[in-house]
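Data block below; observations after.
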Amino acid sequence: MHLHRYEKIWLTFGIGSLIIFLTVLGVSAFAMGHQPPSHMAKVDPQNVRSEAPFDEPGLRQIDETTYQANIIAMAFTYQPNKIEVPVGSTVRFHVTSSDVVHSFTIPNTNVNFMVTPGHINMAEHTFTEPGTYLVLCNEYCGTGHHHMQMTIEVVE
Amino acid sequence: MSKNNANLETNKKHVPTETDSSSLKGTFIFTMSIGLFIVLSWSAIFFLFLNRM
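As you go down the protein sequences, you meet chains Y and B in turn. So the first sequence is numbered by this note's numbering: it starts at 775 and just counts up by one. So the second sequence is numbered by this note's numbering: it starts at 299 and just counts up by one.
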């Protein structure tokens, strides 16, 4: 098969980019444990409050610097509405919705995911700077959507 | 060329393989420009993601 020299160059470039992108994706997924926010974990959306872990929404300490935050999103607030963690903590957010699709977004961080009813949506973030972090709903959920927020206090 | 033309009558499946090579220059520039754009935008988003970890 005859290939023009330019064709060889752009095919090499294209296949090379594909290999690089897939390698980065593979390493981040299998070696660093990155995963989509909604994966296999499910919850009965009709009985969110009667089953673990959302029967006791709030912050739970896992080890010295790791916390798990079980949060229920609903129109138009989050339960709990405020959590407080020490600086340097890693917080695993486990969020579900008791009604419609919401989102859980902490601006300027990688935490930005849809909260779908029936799923336990997860993300993890390490808070290295003290301050008040705003959490917003980024997914239009009704007339009070723009009021839907909560705060995370990161204290020294 | 006259040889090729003679073949056309008997071998209808004959496809000319030789094309004007200079015509690929524009395609090459455009392909590499799009490739560069994809790589740069992908890298920008990826480094933004890493910085926010």
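Note that the Cβ used here is the ideal one computed from N, Cα and C, for glycine as well.
Fill in: Contacts around Asp873/Y, its chain only, beta-carbon distance under 6 Å, and the 5 residues preceding and following it disregarded
Counting only Cβ-Cβ distances below 6 Å, and skipping sequence neighbours, we find Met848, Ala849.
Worksheet item: Hey, which unbroken runs of the beta strand (DSSP E) at 3 residues or more fall wholly within the region 826 to 903 of chain Y?
Response: Inside the region 826 to 903 of chain Y, DSSP marks whole beta strand (DSSP E) runs of 3 or more residues at positions 832 to 835, 840 to 848, 851 to 853, 856 to 860, 864 to 871, 876 to 879, 886 to 889, 893 to 900, from first to last along the chain.
Worksheet item: Any C-beta of chain Y sitting closer than 8 Å to the C-beta of Leu338/B?
Response: Leu338/B is outside the set of residues whose beta carbon lies under 8 Å from a beta carbon in chain Y.
Item to complete: Find the nearest neighbour of Pro831/Y within the set His778/Y, Ser871/Y, Gln853/Y, judged by alpha-carbon distance.
Response: The residue with the shortest Cα to Cα distance from Pro831/Y is Gln853/Y.
Practice prompt. Using a Cβ-Cβ cut-off of 8 Å, state whether Tyr780/Y counts as contacting chain B.
Written response: Cβ-Cβ to chain B under 8 Å: yes for Tyr780/Y.
Worksheet item: Cα separation between Thr839/Y and Thr325/B?
Response: In a straight line, the C-alpha of Thr839/Y is about 55 Å away from that of Thr325/B.
Worksheet item: In the region 877 to 889 of chain Y, which residues sit with their C-beta less than 8 Å from some C-beta in chain B, listed in chain order?
Response: Per Cβ criterion, the list reads Asn882, Thr883, Asn884.
Worksheet item: Which residues, taken in chain order from the region 893 to 920 of chain Y, show a beta carbon closer than 7 Å to some beta carbon of chain B?
Response: Listed by position, the residues of the region 893 to 920 of chain Y near chain B (Cβ gap below 7 Å) amount to none.
Discussion item. Less than 8 Å between C-beta atoms, sequence neighbours within five positions excluded: which residues of the same chain meet that for Gly916/Y?
Written reply: Result list for Gly916/Y: Ala849, Phe850, Val874, in chain order.
Worksheet item: How many whole angstroms separate the CB atoms of Phe828/Y and Ile857/Y, which I take to be in contact at a CB cut-off of 8 Å?
Response: Beta-carbon to beta-carbon, Phe828/Y and Ile857/Y are separated by about 15 Å, too far to satisfy the 8 Å threshold.
Worksheet item: What is the DSSP secondary structure of Met924/Y, reduced to helix, strand or coil?
Response: In this structure, Met924/Y counts as strand in the three-state DSSP scheme.
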